[in-house]
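J.: Encoded as structure tokens, here's the structure I'll be asking about.
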Ligand SMILES: Nc1ncnc2c1ncn2[C@@H]1O[C@H](COP(=O)(O)OP(=O)(O)OP(=O)(O)O)[C@@H](O)[C@H]1O
Ligand SMILES: [Mg+2]
Ligand SMILES: [Zn+2]
């Protein structure tokens with residue numbers, strides 16, 4: 436019996452775990468036996484690994500080969516184990532030294548000719564290796580830019596199986612990643628470009644400051660899409676750990692920009708209304724991939740023309756909105772991806788969407804039903820609704836419009852105030868605070884709450900609507916630099932909430 440050992444990483448969502456690979460060459464009928472919960476793609480490894488080894492100039496041991504992946508109870512998926520499997524077989528066959536292999540984590544798919552192909556999720560694999568105390572990791576060369584982001588590991592890139600073998604023997608070197616850098620990202624479009632729409636601009640600022648979900652309703656060509664795209668520019672940059680987590684999600688999705696994998700710009704993701712559920716919340720065949728909601732983690736998910744999304748699609752957003760993550764069930768287990776996003780929806784008031792409401796030809800029942808499609812679980816979580824009016828002039832009248840930089844500074848100050856207030860509870864924005872906590876921890880004088888009571892009494896507000904208005908009122912206070920909202924802010928907040936669609 437000849438035994439050799441190698442290491443690789445199995446991914447579950449964006450979490451990885453080190454996998455020990457043992458190769459045993461023994462007597463018995465020639466063949467390869469893969470044990471330890473491999474999935475279908477991993478079963479195909481046997482053929483790829485064999486061809487890659489043979490086409491790299493080595494003879495394949497014509498004996499009984501057992502490849503064991505452990506921990507055996509963990510399901511293992513994908514093609515990223517190829518390189519480790521090949522090296523383990525060769526080491527067991529006496530090609531290449533065993534000791535260095537036992538100290539190295541190997542990640543990569545093998546092509547039949549012995550080239551090493553990139554795989555998705557190298558970044559989270561490396562993070563897992565680092566957490567598990569690994570020192571040296573070999574990855575496909577093409578993924579070196581993404582690997583550069585991970586610190587504290589000796590990372591090497593390889594293009595062919597033979598390069599790795601030579602390196603293990605100490606006969607060659609493998610390149611390390613270049614320096615890592617943070618991608619500044621294209622500057623967000625400028626808020627000053629938006630003419631008029633004072634209400635909607637304020638709603639945008641409040642949404643940015645309080646982390647509130649936002650619905651923009653208005654006729655076509657009034658700036659709904661323009662405004663939504665400008666929200667990212669008002670938000671603070673991502674914290675380093677959030678940027679790393681987002682990069683890990685993008686890596687698993689195969690969407691990491693090679694230009695600079697780490698970006699501190701909050702993501703802006705705008706799925707089309709014809710998207711599939713898998714594209715929106717994640718899934719797909721084989722390994723479940725993250726969807727738009729996870730790619731929008733710590734940033735904005737923008738549903739343009741929101742009523743055009745099927746009820747089915749809109750419903751699928753409910754769980755991620757509630758839980759801040761998506762759990763995708765699979766026949767062989769489930770994976771979860773983080774999905775804490777800020778929802779922004781844009782809608783026309785009705786399907787015919789004339790420039791001026793008075794020209795609408797929709798029957799009133801159709802008008803009512805149109806926006807009602809968004810209702811229920813989704814709209815329940817939207818604290819802010821703003822109405823856009825048809826533009827009267829494209830040149831701003833009166834005061835010059837404020838720039839992104841000016842508003843962002845106000846937003847930053849407001850966010851800091853809110854974060855300080857909620858720090859002991861573990862929240863950072865007003866939108867996260869549950870109604871009861873908001874009312875109990877920071878009670879407001881009766882005089883301030885009067886507009887809410889009146890709304891409740893007249894049946895214009897529900898209890899939930901009142902809580903939402905209260906959250907927005909706190910954000911208005913934070914923006915104004917006040918320690919708590921006054922009655923006018925509560926009034927303003929109710930107005931945001933109650934803007935009727937039709
Ligand atoms: N408030 C505005 N200020 C400046 N330009 C505007 C404004 N509104 C619309 N525009 C111009 O019209 C174009 C379309 O605007 P935008 O896409 O934001 O409209 P919309 O409200 O999303 O319309 P639709 O309902 O058709 O999607 C913009 O690219 C811009 O040139
Ligand atoms: Mg639009
Ligand atoms: Zn209409």
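Residue numbers (my numbering): 436 to 937. All C-beta atoms, glycine included, are put in the ideal place defined by N, C-alpha and C.
#1: Can you give me the Cβ contacts of residue 883 inside the same chain, cut-off strictly under 7 Å, excluding the 5 residues immediately before and after it?
#2: Tell me whether residue 839 sits in a helix, a strand or coil according to DSSP, three-state version.
#3: Please classify residue 506 as buried or exposed, where buried requires at least 16 other C-beta atoms within 10 Å of its C-beta.
#4: What ranges does the beta strand (DSSP E) occupy inside the region 646-681, keeping only unbroken runs of at least 3 residues that lie completely in it?
#5: Could you name the residues of the same chain whose beta carbon sits closer than 6 Å to that of residue 852, not counting the 5 residues immediately before and after it, in chain order?
#6: Is the beta carbon of residue 697 closer than 8 Å to that of residue 554?
#7: Say yes only if the C-beta of residue 739 is nearer than 7 Å to one or more non-hydrogen atoms of ligand 2, and no if none qualify.
#8: Helix or strand or just coil, what does DSSP make of residue 890?
#9: For residue 449, does the three-state DSSP call read helix, strand or coil?
#10: Mind pulling the alpha helix (DSSP H) runs of 4 or more residues that sit fully within the region 584-644?
#11: Exposed or buried, what is residue 598 when buried is set at 16 or more other beta-carbons lying within 10 Å of its beta-carbon?
#12: Would you tell me roughly how many angstroms separate the C-alpha atoms of residue 563 and residue 689, rounded to the nearest one?
#13: Tell me which same chain residues have a C-beta within less than 7 Å of the C-beta of residue 655, skipping the five on either side of it?
#14: Below 8 Å on the Cβ atoms is my guess for residue 445 versus residue 451; work out the distance and round it to an integer in Å.
#15: Restricting to Cα atoms, I'd like to know which of 550, 509, 778 is closest to residue 485.
#16: Which residues in the same chain have their Cβ closer than 8 Å to the Cβ of residue 499, if we skip the five residues on either side of it in sequence?
#17: Just checking my contact of residue 635 with residue 821 at CB under 8 Å: how many whole Å lie between their CB atoms?
#18: Could you tell me if residue 855 is buried or exposed, where buried requires 16 or more neighbouring beta carbons within 10 angstroms of its beta carbon?
#19: I'd like to confirm something about residue 786: is its beta-carbon nearer than 7 Å to some heavy atom of ligand 3, or not?
#20: Buried or exposed for residue 616, please, with buried defined as at least 16 other CB atoms from any protein chain shown within 10 angstroms of its CB.
#21: Which one of 857, 894, 717, 927 has the shortest CA to CA distance from residue 877?
T.: This is what the structure holds:
#1: Setting aside the 5 residues that flank it on each side, residue 883 is surrounded in the same chain by 920, 921, 922, 925, each with a C-beta closer than 7 Å to its C-beta; the list follows chain order.
#2: Under the three-state reduction of DSSP output, residue 839 falls in the helix class.
#3: It is exposed - the Cβ of residue 506 has fewer than 16 other Cβ atoms within 10 Å.
#4: You should have 649-652.
#5: Excluding five sequence positions before and after residue 852, the CB atoms of its chain that fall closer than 6 Å to its own CB belong to 913, given in chain order.
#6: Cβ distance not < 8 Å, so residue 554 and residue 697 don't count as in contact.
#7: For ligand 2, at least one heavy atom lies less than 7 Å from the Cβ of residue 739.
#8: Here residue 890 sits in helix by DSSP.
#9: Secondary structure of residue 449 (DSSP, three-state): coil.
#10: 596-603, all fully within the region 584-644.
#11: With 16 or more other Cβ atoms within 10 Å, it is buried.
#12: C-alpha separation (whole angstroms): 18 Å.
#13: Here the set comprises 783, 788, 790.
#14: Yes, residue 445 and residue 451 are in contact; Cβ-Cβ is about 7 Å, under 8 Å.
#15: Ranking 550, 509, 778 by Cα distance to residue 485 puts 550 first.
#16: Cβ within range, chain order: 460, 461, 462, 463, 464, 465, 466, 468.
#17: The Cβ separation is near 4 Å, so the contact holds.
#18: Residue 855 is exposed by the Cβ-count criterion.
#19: Under cutoff, so the answer is yes.
#20: With fewer than 16 Cβ atoms within 10 Å of its Cβ, residue 616 is classed as exposed.
#21: Selected option, being the one with the closest Cα: 857.
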